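Notes follow the structure.
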Amino acid sequence: MTKVPFAPPRMDQKIIDEVVATLNSGWITTGPRTSLLEEKLSEYTGAKEVTCLGSATAGMELVLRWFGIGPGDEVIVPVYTYCATGNVVLHCGAKVVFCDVADDFNIDVSIIESLITNNTKVIMPVDIGGLPCDYSQIMSLVNQNHVMAKFNATSPEQKSLGRILVLADAAHSVGARYGGKMSACLADVSTLSFHAVKNLITAEGGAVCLNLPEPFNNESIGKGLKCSSLHGQSKDALAKTKAGGWKYDVLYPGYKCNMTDLQAAIGLVELARYDDDMLVKRHHIFKSYEAGLSQYSWAQCPVFETDNKVSSFHVYMLRIRGISEEQRDTMMIKIAEQEVAVNVHFQPLPLLTAYKNLGHDIMDYPSAYDQYSREITLPVFYDISDEQIQTVIDAIVMAYESLNL
Ligand SMILES: *Cc1c(COP(=O)(O)O)cnc(C)c1O
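The working numbering applies: residue 146 is where the sequence shown begins, and numbers increase by one.
Here it is in structure tokens:
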């Protein structure tokens, strides 16, 4: 048995009871609980419209397709992210243009402008670890006259927006704050993930949070996304059960990536206790790691609170100063030997075969490589005890000392 697992989901009687109640309710697929979760998420985040789906990945892809992204288009993606952010761009047949990251692991805003061409349609910032990107700078960049002048709209939605769309991959940052606003409200569109290792879980699941400016109608776009998640069917399964409701149309060949009420049931329980319980616990874990590790000059602890940002404390991304990738890998083995589960978040995408094969080269992203090569992600989960936190800290110190630097 591992002494400290990495990120087991919180599971308790309350969740089990709500899932059982859903099973007994006679309605297990997309229905009343999914709608309620959308309402509660909109209340919680302040997003104008929330559509729940089968995953964050599906949400990002539906949004790109809604915006008319296809061959010839370019989408700017930070090189330091999970493959989902890049994969959805490739699914649409568009080109991924990678941007290097800053010292906080997030997209380096000072580089973005140099990557914008006449084909740039979307920027997808990722809130790595839960710390929001510099959205005020990104939004002001895409709204600058000379940047807007370059924008070459090729779909009705692109014409209506008249500029680059900012689609935030907020998979990590549910509940994070930036300048008094919540994550999910910081970009035109934000996607959240409720995958089992994330902060707010539904086993698998995600949401699209819409905050598009005039003249867009966020509510009808949200309904359109839901329709896209159900084959383009004009009525969902619940609407069809109403008297005389059997007849439906298929408006276009949509996808199949809806959220089920069984998933929503878990999310509803977790969301109700998210701020006052889950985030409080995660903050405590982050503070404890910092208190235990910051005394060592070799430990570079992650930033999770600044003047205007508060993280959602999703993953604790420790860096070790002055070590090589090989030395980091040796530390990973030493830590594992002490039965502590750690990880590396993330392998920058050019390190992965799918992206190497497209010609991307990690040497072009020196900051991302530097962060990655010295990074070790520590366990953060609701049920971790203070004793386990100390076990993790001791394991890291021992692993570092074994390098004999
Ligand atoms: C988990 C994750 C996703 C994908 O979320 P799913 O709900 O599993 O599709 C996207 N981006 C990042 C940065 C992630 O960590």
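Every residue, glycine too, gets a C-beta built ideally from N, C-alpha and C. The model shown is predicted, which means the values in this text are computed figures rather than measured ones.
Within the same chain, Trp391 and Tyr393 come within 8 Å of lysine 385 by CB-CB distance, once the 5 residues on both sides are set aside. Pairwise C-beta distances place the region 213-230 out of contact with the region 403-413, as fewer than three of them are shorter than 8 Å. Counting along the chain, the unbroken beta strand (DSSP E) around threonine 336 starts and ends at 334-338. In its chain, beyond the 5 residues on either side, Cys228 have a beta carbon closer than 7 Å to the beta carbon of leucine 497. Within 8 Å of the C-beta of glutamate 349 there is at least one heavy atom belonging to ligand 1. For glycine 204, the uninterrupted alpha helix (DSSP H) segment begins and ends at 201-211. For phenylalanine 243, the three-state secondary structure derived from DSSP is strand. Here histidine 291 is exposed, its C-beta having fewer than 16 other C-beta atoms within 10 Å.
Contact annotation, glycine 350 with glycine 199: C-beta distance approximately 6 Å; criterion of less than 8 Å satisfied.
With a cut-off of 8 Å, the C-beta of aspartate 314 is classified as near ligand 1, since at least one heavy atom of the ligand falls inside that distance. In this chain, glutamate 450 is not harboured by any alpha helix (DSSP H), its DSSP state being neither H nor E. Taking the C-beta atoms as reference points, serine 338 is found no nearer than 9 Å to serine 328. Going by DSSP, leucine 383 is part of the alpha helix (DSSP H) stretching over 382-386. Following the DSSP letters along the chain, one finds glycine 351 inside the beta strand (DSSP E) bounded by residues 351-355.
Arginine 473 sits in a helix when the DSSP states are folded into three classes. Positions of the beta strand (DSSP E) runs, each at least 3 residues long and wholly inside the region 255-331, are given as 265-268 and 310-314 in order along the chain. Rounded to whole angstroms, the separation of the alpha carbons of glutamate 546 and threonine 190 is 44 Å. The C-alpha of serine 433 is placed about 45 Å away from the C-alpha of threonine 262. Pairing threonine 265 with aspartate 249, the inter-Cα distance amounts to about 25 Å. Leucine 370 and glutamate 188 have their C-alpha atoms some 19 Å from each other. Between leucine 424 and asparagine 344, the CB-CB gap stays under 9 Å. No residue range can be given for valine 342, since it is assigned to no beta strand (DSSP E) and is classified by DSSP as neither H nor E.
In this structure the region 533-544 lies against the region 480-491, because at least three pairs of beta carbons, one per stretch, are closer than 8 Å. Note that the C-beta distance between alanine 348 and alanine 201 is not below 9 Å. At the C-beta level, valine 271 and asparagine 251 come within 9 Å of one another. With a cut-off of 8 Å on Cβ pairs, the region 304-320 is not in contact with the region 376-383, counting fewer than three such pairs. Sequence-distant Cβ neighbours of alanine 544 in its own chain, meaning closer than 7 Å and more than five residues away, are Met476, Lys479 and Ile480.
Boundaries of the alpha helix (DSSP H) harbouring cysteine 372: 363-373, taken from the DSSP string. In this structure, the straight-line span from the alpha carbon of glycine 325 to that of asparagine 453 is close to 7 Å. A distance of 9 Å or more separates the beta carbons of glycine 231 and tyrosine 441.
Within its own chain, the residues whose Cβ lies closer than 6 Å to the Cβ of histidine 505, once the five positions on either side in sequence are excluded, are Pro495, listed in chain order. Taking a contact as a CB-CB distance under 8 Å, the pair alanine 239 and isoleucine 256 does not count as one, their CB atoms being some 20 Å apart.
Using a Cβ-Cβ distance cut-off of 8 Å, the region 412-420 and the region 360-367 are not in contact, since fewer than three pairs of beta carbons, one from each stretch, lie closer than that value.
Arginine 418 and glutamine 158 have their C-alpha atoms roughly 14 Å apart. Judged by pairs of C-beta atoms under 8 Å, the region 459-469 touches the region 519-527, as three or more such pairs exist.
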